[in-house]
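Chains A and B supply the protein sequences, listed in that same order. Residue numbers for the first sequence follow the numbering used here, beginning at -16 and rising by one. Residue numbers for the second sequence follow the numbering used here, beginning at 418 and rising by one. Data block below; observations after.
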Amino acid sequence: EPEVTQTPSHQVTQMGQEVILRCVPISNHLYFYWYRQILGQKVEFLVSFYNNEISEKSEIFDDQFSVERPDGSNFTLKIRSTKLEDSAMYFCASRTGGAETQYFGPGTRLLVL
Amino acid sequence: SQKIEQNSEALNIQEGKTATLTCNYTNYSPAYLQWYRQDPGRGPVFLLLIRENEKEKRKERLKVTFDTTLKQSLFHITASQPADSATYLCALGDVGSSNTGKLIFGQGTTLQVKP
């Protein structure tokens, strides 16, 4: 069964460094999402992406964040200058055009020191 | 203010019993509601979706109801097994005018099924 994959599974970085989190959505899906989950807290929406542009973003998704679909298969989340409070699990999700169900990847655990 | 609330306490039940999890929301009008399972350190796994015009959905041992008047969904696991032990997340879909499909999650309910 097709699934969303994410790399790396864990990333440790120093405050102020740039990180890129990578996702490969399910191949026939058209809508892509990033969510994050701070330890012990709920899953929070960051951004949605469709037709090569951001369709919606949350207040969390400020100028330090960007997303890209560079090659038709990968979907990336970049954090330009990481802060301690960016430490969280980051989940990528995708869905088809005809259904609402989102399928989540296993996540990337980001730790900012 | 807008809120989604799930059972605040962890739910402990005996194997074979029915687990009932609650999701209440205020000041949202979702077009649909989804239930996910999340194991520690893992991503959410989709279980069931119910739309605003549906009252009940079933899948194997799972049943979900949706009452848009009460603004509540109930999620039932019948004949529960220790393998059902996990955190269960309620998520509201298409709550705004943008219809981008973003999901708004509750904080989850941890279910522990004892043998």
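All C-beta atoms in this analysis are idealised placements derived from N, C-alpha and C, irrespective of residue type, glycine included. No experiment lies behind these values; they were computed from the predicted model shown.
Shown here, A500 of chain B sits in a helix according to DSSP, grouped into three states.
Remark: C-beta atoms of N11 of chain A and T65 of chain A do not approach each other more closely than 9 Å. Neighbours of Y449 of chain B in chain A, taken as residues whose beta carbon is under 8 Å from its own, are E83 in chain order. In the three-state DSSP reduction, D46 of chain A falls in the coil class, being neither helix nor strand.
With respect to the C-alpha of Y505 of chain B, the residue from B:I430, B:C440, B:E477 having the closest C-alpha is B:C440.
Per DSSP, D484 of chain B is one residue of the beta strand (DSSP E) stretching across 479 to 484. Residues A436, S497, L528, Q529, V530, K531 of the same chain have their beta carbon placed closer than 8 Å to that of I430 of chain B, with the five preceding and five following residues left out of the count. Residue A:G90 holds the alpha-carbon nearest to the alpha-carbon of R5 of chain A among A:V95, A:G90, A:V30, A:L96. Along the region 37 to 50 of chain A, going in chain order, the ones with a CB nearer than 7 Å to a CB of chain B are S38, E39. When secondary structure is reduced to three states using DSSP, E36 of chain A falls in the strand class. DSSP, reduced to helix, strand and coil, places L67 of chain A within a helical segment of the structure shown. Residue-level contact check: A427 of chain B does not touch chain A, since none of the beta carbons of chain A fall below 9 Å from its beta carbon. Within the region 449 to 472 of chain B, the residues whose Cβ lies closer than 9 Å to some Cβ of chain A are Y449, Q451, Y453, Q455, G458, R459, G460, P461, V462, F463, L466, R468, listed in chain order.
About 6 Å separates the CB atoms of Y453 of chain B and A508 of chain B; that is less than 8 Å, so the two are in contact.
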